[in-house]
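Numbering (the UniProt record's numbering), first residue to last: 1 to 396.
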């Protein structure tokens, strides 16, 4: 008996995976490996390394991730269908819009020597927004779906620059989304804002709403046909041209431009500054929206709904070792990203409205400890000796 067999139904990842029908895609040994892996990903000792997974030999788990014949893409598609149904049903029942947030993150790895016989596949040089320079490692593109305070990971995959650009990769992912039941928004930072994604959002029944670089060219009256950059146009404004809006607890001065941008798209662009640093070029932030019915305040408020993708990266790094994995094949890395999505979904479905993700994970860990202690207590009462208990718990 393994520890996962000791856990109560309320804590059972086995029950969760069966509820997702993942046993239809995996053999019994593969399903057991998946269950064991996810169980130990929720432990305090897990830091992303296979060697942390107890009660399974690391060679067996390595084969499961790198070589075993199971369809990662089929499971990923099945999981996407589940997440889409969950979020879209939430939108239908609450009347709230669906948010599709797009972003990427970089995991730094050590650059191998030219003599390395087995370098990590898929590594390359990528620009890190955190380090603000080129770093060597993997870059992952993530798409998460949100509605009414619920955020679930739709896709998390490594970016391979020799196969497609990040924009093309994101387009491939977004084309798999059905039209939202009510309103829907694509949310992204300025690195993703481009004509092709604006067009795709419209074609897929969403509205694009994201940050835009301040060197973007607009065509206000008096600056046609050549246009003017947003940051240059901002210098021509004065305080009476601006509106003061409050988003959360922060006040911003804003200016609203409605018109075309380079590429011909008719949009609404908000130029905003924190109240205390109005007209400071370093604090100027610009946001673009295809939904021209939204006010400046509504656009800024909608954009804050992109924040959960940042917390998703933080939580998976801190709790599931997203940046610490030691897998050399791209197939294994893709499969590990799928496992991270699954374990994140498992912990999230246990979350209450008043708990953070970290608090929920900690409560789950405490509940698992209690289950093991309860098991020891019950077995002792039924006459099992200590050595047998040690053997059952694989700590003999």
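Beta carbons: idealized from backbone N, C-alpha and C, even for Gly.
Span separating the alpha-carbon of residue 343 from that of residue 39 | Within the chain shown, numbered from 1, the residue matching residue 343 stands at position 343. Within the chain shown, numbered from 1, the residue matching residue 39 stands at position 39. Straight-line measurement puts the Cα of residue 39 at about 8 Å from the Cα of residue 343.
Can you tell me whether residue 204 is buried or exposed, with buried defined as 16 or more other CB within 10 angstroms of its CB?
-> Position 204 of the chain shown, counted from the start, is the residue given in the question as residue 204. By the 16-neighbour rule on beta-carbons within 10 angstroms, residue 204 is buried.
Close beta carbons around residue 189, own chain, < 7 Å, minus the five adjacent residues each side | Start at 1 with the first residue of the chain shown, and residue 189 comes out as number 189. Contacts found: 103, 210, 211.
Check each candidate in 289, 140, 70, 79 and name the one with the smallest Cα separation from residue 167.
-> Here residue 167 is taken as the residue at index 167 of the chain shown, counted from 1. Closest option to residue 167, Cα to Cα, is 140.
Give the DSSP-derived three-state secondary structure of residue 1 in the structure shown.
-> Taking the first residue of the chain shown as 1, we reach residue 1 at position 1. The pLDDT assigned to residue 1 is 40, lower than 50, so where the model puts this residue is not dependable; a value taken from the coordinates is nonetheless given after this. In the structure shown, residue 1 sits in coil (DSSP, three-state: anything other than H, G, I, E or B).
With burial defined as no fewer than 16 other Cβ atoms inside 10 Å of the residue's Cβ, what is the status of residue 370: buried or exposed?
-> The residue you call residue 370 lines up with position 370 of the chain shown. Classification of residue 370: exposed, given that the 10 Å Cβ count is below 16.
Are residue 279 and residue 223 close, meaning C-beta to C-beta below 9 Å?
-> Start at 1 with the first residue of the chain shown, and residue 279 comes out as number 279. Start at 1 with the first residue of the chain shown, and residue 223 comes out as number 223. Going by C-beta atoms, residue 279 is not nearer than 9 Å to residue 223.
With 16 other Cβ atoms within 10 Å as the buried cut-off, status of residue 122 = Taking the first residue of the chain shown as 1, we reach residue 122 at position 122. Under this definition residue 122 is a buried residue.
Residue 79 classed as buried or exposed, judged by whether at least 16 other C-beta atoms fall within 10 angstroms | Start at 1 with the first residue of the chain shown, and residue 79 comes out as number 79. Buried is the call here.
Taking C-alpha atoms, which residue in 81, 244, 242, 260 lies nearest to residue 226?
-> Locating residue 226 in the chain shown gives position 226, where the first residue counts as 1. The option with the nearest alpha carbon to residue 226 is 260.
Cutoff 8 Å; reference residue 25; Cβ partners in own chain excluding five residues on either side = Position 25 of the chain shown, counted from the start, is the residue given in the question as residue 25. Closer than 8 Å at Cβ, skipping near neighbours: 70, 71, 74, 75, 78.
Report the three-state DSSP secondary structure of residue 393 (helix, strand or coil).
-> In the chain shown, the residue the question calls residue 393 occupies position 393. Three-state DSSP puts residue 393 in coil, outside helix and strand.
If you draw a straight line from the alpha carbon of residue 48 to that of residue 286, how long is it in whole angstroms?
-> Counting from one through the chain shown, the residue named residue 48 turns up at place 48. Counting from one through the chain shown, the residue named residue 286 turns up at place 286. Going by the C-alpha atoms only, they are around 37 Å apart.
Count the other CB atoms, across all protein chains shown, that sit within 10 Å of the CB of residue 178; report buried if there are 16 or more and exposed otherwise.
-> Position 178 of the chain shown holds residue 178. The residue in question, residue 178, is exposed, as its Cβ has fewer than 16 Cβ neighbours within 10 Å.
Is DSSP giving residue 147 helix, strand or coil here?
-> Position 147 of the chain shown, counting from 1, holds the residue named residue 147. Look at residue 147 here: in three-state DSSP terms it is strand.
Look at the Cβ atom of residue 44, then the Cβ atom of residue 318, and state whether they are nearer than 9 Å.
-> Mapped onto the chain shown, residue 44 falls at position 44. Mapped onto the chain shown, residue 318 falls at position 318. No, these two residues do not count as a Cβ contact at 9 Å.
For the region 80-98 against the region 145-159, are there 3 or more C-beta pairs whose distance is under 8 Å?
-> A contact is defined here as three or more CB-CB pairs under 8 Å, and the region 80-98 meets this definition with respect to the region 145-159.
At least 3 beta-carbon pairs within less than 8 Å: the region 128-143 vs the region 93-113 | Short answer: they touch.
If you count every other CB in all the chains shown that lies within 10 Å of the CB of residue 289, and 16 or more means buried, which is it?
-> Along the chain shown, read from residue 1 onward, the residue named residue 289 stands at position 289. In this structure residue 289 is buried. Its beta-carbon is surrounded by 16 or more other beta-carbon atoms within 10 angstroms.
Starting from the N-terminal side, write out each stretch of the beta strand (DSSP E) that is 3 residues or longer and does not extend beyond the region 257-336.
-> Correct list: 266-274, 285-289.
Quick one: grab the DSSP three-state call for residue 368.
-> Locating residue 368 in the chain shown gives position 368, counting from the first residue. Three-state result, residue 368: helix.
Residue 90: CB within 8 Å of a non-hydrogen atom of the ligand ATP | Ligands are entirely absent from the displayed structure, and the ligand ATP is therefore not among its contents.
Could you spell out the range, first to last residue, of the alpha helix (DSSP H) harbouring residue 93?
-> To locate residue 93, count along the chain shown from 1; it is residue 93. Note, residue 93: alpha helix (DSSP H), 72-94.
Residue 158 in three-state terms, based on DSSP = Numbered from 1 along the chain shown, position 158 holds the residue referred to as residue 158. Looking at residue 158 - three-state DSSP - the assignment turns out to be strand.
Through-space distance from residue 152 to residue 35, alpha-carbon basis | The sequence position of residue 35 within the chain shown is 35, counting from 1. The sequence position of residue 152 within the chain shown is 152, counting from 1. A direct Cα-to-Cα measurement between residue 35 and residue 152 gives close to 20 Å.
Give the straight-line distance between the Cα atoms of residue 27 and residue 66, rounded to the nearest whole angstrom.
-> One-based indexing of the chain shown puts residue 27 at position 27. One-based indexing of the chain shown puts residue 66 at position 66. Rounded to the nearest angstrom, the two C-alpha atoms are 16 Å apart.
Excluding sequence positions up to five away, which residues of its chain have a Cβ less than 7 Å from the Cβ of residue 351?
-> Indexing the chain shown from 1 puts residue 351 at position 351. So the qualifying residues of the chain are 357, 360.
Please report the residue range of the alpha helix (DSSP H) in which residue 184 lies.
-> The residue you call residue 184 lines up with position 184 of the chain shown. No alpha helix (DSSP H) contains residue 184, which is instead part of the beta strand (DSSP E) from 184-188.
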